[in-house]
Amino acid sequence: MTWLLAHDGPLAAAHDVALMDLDGVTYEGAAPIEYAAEGLAAARALGMRFVYVTNNSSRPPQEVSAQLVGLGIPATPEEVYSSAMAAVELAVKRHGVGARVLVVGGAGLVQASEEGGLVPVPSADDGPVAVLQGFRETICWKDLSEAAFAINRGADYIATNLDSTLPRERGMAVGNGSLVAAVVNATGVTPVSAGKPEPEIFRLASERVGARNPIAVGDRLNTDIAGAVASEVPSLHVLTGVSKARDVVLAVPGERPRYLGRDLRDLTRPHPPVVHGGEWVGCRAARARVVNGTLELGRLGVLTDAAKVTLDEYRALAVAAWSVETRVACPPIEVIESL
């Protein structure tokens, strides 16, 4: 199995809807990702539609779409589907409309709860049947303790997502999963998660726009790509966020994307086939193989030190590594536009 799919035209012409991640793909905190607006505009011109599927539950869809518009990316609230919305759908499925829930999170989770027919309450003493925990920058000890009180009294525990970190302009910040870990430590109860990598959020987002042949686009292997694999949706991994090229080359089967790109411009570019030819794996002129557990590139030889490679070489390296049963050694890799 080559793992990577090929398409001789732009991906945007082969898939009707892109299930787009946000943090690390279209923006990083308040800063735009380079080429994101350009790539999305070109894909939209080819007829591709978008749903922005995000594990960030803190903000309502109106705020998310407004930020995208401010970055030069046309978007409407209807094109945003968050883990908060998925968590509410899960809570309604488990407890019904009108259920009382303790919401620990931001305005996005509160709004989704109210619009979804749940009744948010402020205290464990109000008898919530479930705790919904999502991210908010100002969450404090009191909020987490209130969640623990309710869970220890038998409330169901639903987390919007379990991302341990959150990309920001200055680096990786504490994510919702790290805050959830504090409540788990205090209660011994592990929550059910509604966000990526759970496949349900991909299904719900696709249904929202009637997608026939969606593609997921993301930067995190353990959420964006793992969720796409679990939901049997092909995925494009881009190198603008958390998971880097070396991570992709060393990815386990459940976290391997079907397309590899540098940024969102690769939505509108061809993806050449990666083929096996004897002991070598080739992608156009690029060749790679594994020798005694070490990656070798036709142009550079055995890779023992950090290397700069082209996108085709990166694709060949990934498939070569994925084609052997044992883990390979791989140095840091920088994927460059051209030699």
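Using my numbering, read the sequence shown as starting at 1 and increasing by one per residue.
We put the beta carbon where it would ideally sit given N, CA and C, even for glycine.
The beta strand (DSSP E) with residue i in it runs from where to where?
i           : result
residue 280 : 280-283
residue 100 : 100-104
residue 289 : 286-291
residue 168 : 165-168
residue 250 : Unbroken run through residue 250: none, as it is neither H nor E.
residue 216 : 215-218
residue 236 : 235-237
residue 297 : 294-297
residue 333 : 333-335
residue 241 : It is not in any beta strand (DSSP E) - residue 241 carries neither H nor E in the DSSP assignment.
residue 120 : 119-121
residue 275 : 275-277
With a threshold of 7 Å on Cβ separation, who are the neighbours of residue i within its own chain once the five nearest residues in sequence on each side are excluded?
i           : result
residue 60  : 107, 108 and 111
residue 69  : 75
residue 244 : none
residue 116 : 88, 89 and 92
residue 66  : none
Kindly indicate which residue of the options has the alpha-carbon position closest to the one of residue i.
i           : options               : result
residue 316 : 326, 306 and 296      : 296
residue 128 : 147, 102 and 139      : 102
residue 335 : 252, 314, 323 and 319 : 314
residue 299 : 310, 291 and 292      : 310
residue 179 : 194, 168 and 159      : 159
residue 216 : 4, 21, 10 and 3       : 21
residue 254 : 238, 166 and 234      : 234
residue 166 : 219, 284 and 273      : 219
residue 124 : 96, 139, 156 and 137  : 156
residue 10  : 45, 34 and 32         : 45
residue 56  : 250, 279 and 201      : 201
residue 269 : 236, 251 and 136      : 236
residue 97  : 227, 30, 118 and 291  : 118
residue 263 : 4, 3 and 32           : 32
residue 43  : 28, 188, 173 and 19   : 19
residue 28  : 4, 71, 49 and 63      : 71
residue 149 : 30, 161, 183 and 173  : 183
residue 195 : 34, 173, 147 and 223  : 223
residue 308 : 122, 338, 325 and 287 : 338
residue 62  : 78, 139 and 30        : 78
residue 51  : 287, 302 and 208      : 208
residue 36  : 73, 140 and 146       : 73
residue 4   : 147, 302 and 256      : 256
Assuming residue i contacts residue j (C-beta within less than 8 Å), just tell me the rounded distance between them.
i           : j           : result
residue 241 : residue 25  : 6 Å
residue 84  : residue 134 : 6 Å
residue 328 : residue 293 : 6 Å
residue 39  : residue 284 : Rounded, the Cβ-Cβ distance is 22 Å, inconsistent with contact.
residue 136 : residue 58  : 5 Å
residue 154 : residue 163 : No, residue 154 and residue 163 are not in contact; Cβ-Cβ is about 27 Å, not under 8 Å.
residue 323 : residue 275 : Going by Cβ atoms, the distance from residue 323 to residue 275 rounds to 11 Å, so no, they are not a contact pair.
residue 261 : residue 229 : Going by Cβ atoms, the distance from residue 261 to residue 229 rounds to 17 Å, so no, they are not a contact pair.
residue 204 : residue 86  : 6 Å
residue 227 : residue 197 : 4 Å
residue 365 : residue 126 : Here the chain comprises residues numbered 1 to 339, so residue 365 is not present and cannot be evaluated.
I'd like to know if residue i contacts chain B, where contact means its C-beta is closer than 8 Å to some C-beta of that chain.
i           : result
residue 250 : Checking the listed chains, one finds no chain B in this structure; it contains a single protein chain.
Below 8 Å CB to CB, which residues in the same chain sit around residue i once its five sequence neighbours on both sides are set aside?
i           : result
residue 114 : 120
residue 247 : 221
residue 47  : 12, 13 and 16
Got a sec? Which residues, its chain only, sit under 6 Å from residue i by beta carbon, not counting five neighbours each side?
i           : result
residue 143 : 104
residue 349 : The shown model of the chain, from 1 to 339, leaves out residue 349, and the question about it has no answer.
residue 206 : 214
residue 192 : 158
residue 342 : Examination of residue 342 is not possible in this model, given that the chain is present from 1 through 339 alone.
residue 273 : 6
residue 271 : 6, 7 and 259
residue 54  : 22 and 82
residue 291 : none
residue 289 : 279, 280, 296 and 320
residue 249 : 317, 318, 321 and 330
residue 151 : 131, 157, 187 and 189
Determine the extent of the alpha helix (DSSP H) in which residue i is found, giving its start and end residues.
i           : result
residue 316 : 311-322
residue 228 : 226-230
residue 114 : 107-115
residue 61  : 61-70
residue 88  : 83-95
residue 14  : 11-14
### Message
Could you tell me which whole beta strand (DSSP E) segments of length 3 or greater appear in the segment 19-54?
### Response
49-54
### Message
As an exercise, report each continuous alpha helix (DSSP H) stretch of at least 4 residues that is fully enclosed by the segment 166-207, in chain order.
### Response
176-187
### beta strand (DSSP E) segments (min. 3 residues) lying fully within the segment 127-156
130-133
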